[in-house]
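Mapped onto the numbering used here, the consecutive letters of the sequence shown carry residue numbers 180 to 598.
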Amino acid sequence: MQKIDSYDFSGKRAIVRVDFNVPLNENFQITDDTRIRAAIPTLKKVLEKGGSLIIMSHLGRPKGPTAKYSLKHIISAIEEKLGVTVKFAPDCMGTEAAELSKNLKPGEVLLLENLRFYAEEEGKPRDLAEDVTEEVKKAAKAEMKEKQKEFTKVLASYADCYINDAFGTAHRAHASTALIAKYFPNDKMFGYVMEGEITAIDKVLKSPEKPVTAIIGGAKVSSKIAIIEKLFDVADNMIICGGMAFTFAKAKGGKIGKSLCEDDQLELALSILDKAKSKGVKIYFEGDVVVADAFSNDANKQVCDIMSIPDGWLGMDAGPETLKLWESILNNSKTILWNGPAGVFEMPSFATGTLKIAELLAQVTAKGAFTLVGGGDSVAAVTQMGYAKKVSYVSTGGGAMLEYLEGIELPGIKAIREA
Ligand code: AMP
């Protein structure tokens with residue numbers, strides 16, 4: 180495995196997998212360019228060191244070539260941020276892409292059209308009728324595997340070295356995120372986005388300064404069990420908040436009114452609490468909550484204990500006493516991981532708890548704590564508050580971050596690391 184900082188790019192063509200899956204409005208204007216900005220340091224590094232670039236990405240979930248999902252919509256944004264003209268291959272396969280990449284000179288940049296215009300990128304057969312037999316399905320899968328190998332080989336043929344800088348898709352074993360790496364046994368490396376994500380998460384999982392506090396929120400316990408259990412290995416405190424707290428409250432005999440609850444997870448919630456006890460992790464889900472008489476921003480609200488919510492009311496946000504408790508826990512923590520909102524933060528009336536966490540994280544970071552924020556809603560909250568630069572690291576990974584935190588070896592990381 181090579182390092183982007185020490186690799187000699189001079190005269191080499193680098194094929195770089197980035198995550199340029201950016202949101203576009205109906206006029207094909209980029210509404211959030213975070214992912215493009217994130218990849219710029221990696222792309223600039225290659226150019227500065229005398230290399231040329233072949234950029235590849237997916238955009239959306241097309242089922243085949245679709246004008247709406249063309250990467251041509253983002254050419255000007257890349258040009259503007261990179262300060263270089265970007266050539267475009269309107270098909271990531273075929274002679275034009277091959278010629279354009281072969282003729283690249285140091286300092287030049289080529290963008291390939293959306294990889295997912297080909298089913299081969301993901302390696303899953305498309306358009307299979309639902310009623311086909313298992314045998315037909317198996318044959319289609321085998322045929323697709325062969326086609327995927329060919330697709331990967333063609334992509335690899337464009338370049339002399341490979342950089343994976345797409346953390347957001349690192350949990351997928353796709354052609355461009357994992358399979359291609361084997362064509363560059365001595366010339367493959369992570370870009371800065373990948374390096375940054377891995378370093379930040381490893382800092383929490385492998386060498387955290389104690390005390391460690393994990394704040395896990397969001398709607399469902401079921402989607403966060405694996406990460407909760409994994410974090411028991413490193414956390415001293417765990418704050419369970421958002422909709423999932425009510426499943427714990429009910430499991431412990433609380434009256435939770437109409438609050439969100441996964442009744443099929445009550446046993447599991449109790450076993451999580453037992454496990455925390457045996458591992459010496461303090462779990463916090465109790466305290467006061469803001470409840471509403473309807474799931475609406477304009478509903479009537481009041482504050483009550485999470486264990487005794489009146490009939491007909493539902494928990495929507497953390498209460499003021501709970502926020503004070505969290506403040507003291509976070510003030511005494513040296514490492515903090517936050518994933519998932521503390522309430523229905525999309526409604527301004529119930530965003531207080533989530534925004535307060537963002538604010539507290541910014542404060543404790545300034546005092547020297549290491550703070551890692553991940554997951555779409557938590558990232559949106561720190562960004563909305565203008566604190567994205569005031570926490571130690573904001574993970575852009577989403578699903579990839581959760582899987583990495585769960586201890587799963589991500590295919591995109593493994594492919595670069597293995598010999
Ligand atoms: P997740 O995708 O599991 O991280 O959950 C995020 C969602 O949880 C957000 O859309 C929040 O609105 C929702 N959520 C947070 N707290 C609550 C709550 N008390 N009741 C219902 N939904 C909630």
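Here a beta-carbon is modelled for each residue, glycine too, at the ideal position from N, C-alpha and C.
| Asked | Found |
| --- | --- |
| Just to confirm my understanding: we take Met-235, look at its own chain, exclude 5 residues before and 5 after, and list those with CB closer than 6 Å. What are they? | Arg-196, Leu-291, Leu-294, Ser-355 |
| Buried or exposed: where does Ala-246 fall if 16 or more other Cβ atoms within 10 Å of its Cβ makes it buried? | exposed |
| Could you tell me the alpha carbon to alpha carbon distance between Met-180 and Ser-507, rounded to whole angstroms? | 43 Å |
| Round the Cβ separation of Val-470 and Gly-421 to the nearest angstrom and send it over; I've been treating them as touching at under 8 Å. | Contact doesn't hold; Cβ gap of about 14 Å is too wide. |
| Would Phe-199 and Ile-215 be called neighbours here (beta carbons separated by less than 7 Å)? | yes |
| Give the DSSP bridge partners of Lys-480, in chain order. | Ala-471 |
| Have a look at Cys-340 and Val-400 and give me their C-alpha separation to the nearest angstrom. | 42 Å |
| Would you say Ile-394 and Lys-403 are within 7 Å of each other, going by their C-beta atoms? | no |
| Whole angstroms is fine: what's the gap from Lys-593's alpha carbon to Ile-406's? | 20 Å |
| May I have the straight-line CA-CA distance separating Lys-328 from Lys-320, to the nearest angstrom? | 12 Å |
| Looking at Asp-484 and the ligand AMP, is the gap between the Cβ and the nearest heavy atom below 6 Å? | no |
| Out of Ile-219, Gly-576, Gly-547, Arg-192, state which residue places its alpha-carbon closest to the alpha-carbon of Tyr-371. | Ile-219 |
| Report the three-state DSSP secondary structure of Gly-286 (helix, strand or coil). | coil |
| Is any heavy atom in the ligand AMP found nearer than 6 Å to the beta carbon of Met-580? | no |
| Would you check whether the ligand AMP has a heavy atom nearer than 6 Å to the C-beta of Val-523? | yes |
| Rank Ser-231, Thr-312, His-350 by C-alpha distance to the C-alpha of Leu-581 and give the top, closest one. | His-350 |
| For the ligand AMP, any of its heavy atoms closer than 6 Å to the Cβ of Gly-498? | no |
| Return helix, strand or coil for Tyr-248, following the three-state DSSP convention. | helix |
| Rounded C-beta distance between Gly-464 and Ala-497? I'm assuming under 8 Å. | Inspection of the sequence shows that residue 464 is occupied by Phe rather than by Gly. Actually they do not touch by this definition, with Cβ atoms about 10 Å apart. |
| Do Lys-228 and Phe-188 have their CB atoms nearer than 7 Å? | yes |
| Which residue marks the beginning of the beta strand (DSSP E) containing Ser-438, and which one marks its end? | Neither: Ser-438 is in no beta strand (DSSP E) and is coded neither H nor E. |
| Please confirm whether any heavy atom of the ligand AMP lies closer than 6 Å to the CB of Leu-222. | no |
| Would you check if the distance between the CB atom of Ala-360 and the CB atom of Ile-595 is smaller than 7 Å? | yes |
| Flag Asp-556 as yes when its Cβ comes closer than 6 Å to any non-hydrogen atom of the ligand AMP, and as no otherwise. | yes |
| In the DSSP assignment, find the beta strand (DSSP E) that holds Trp-517 and state where it starts and stops. | 514 to 518 |
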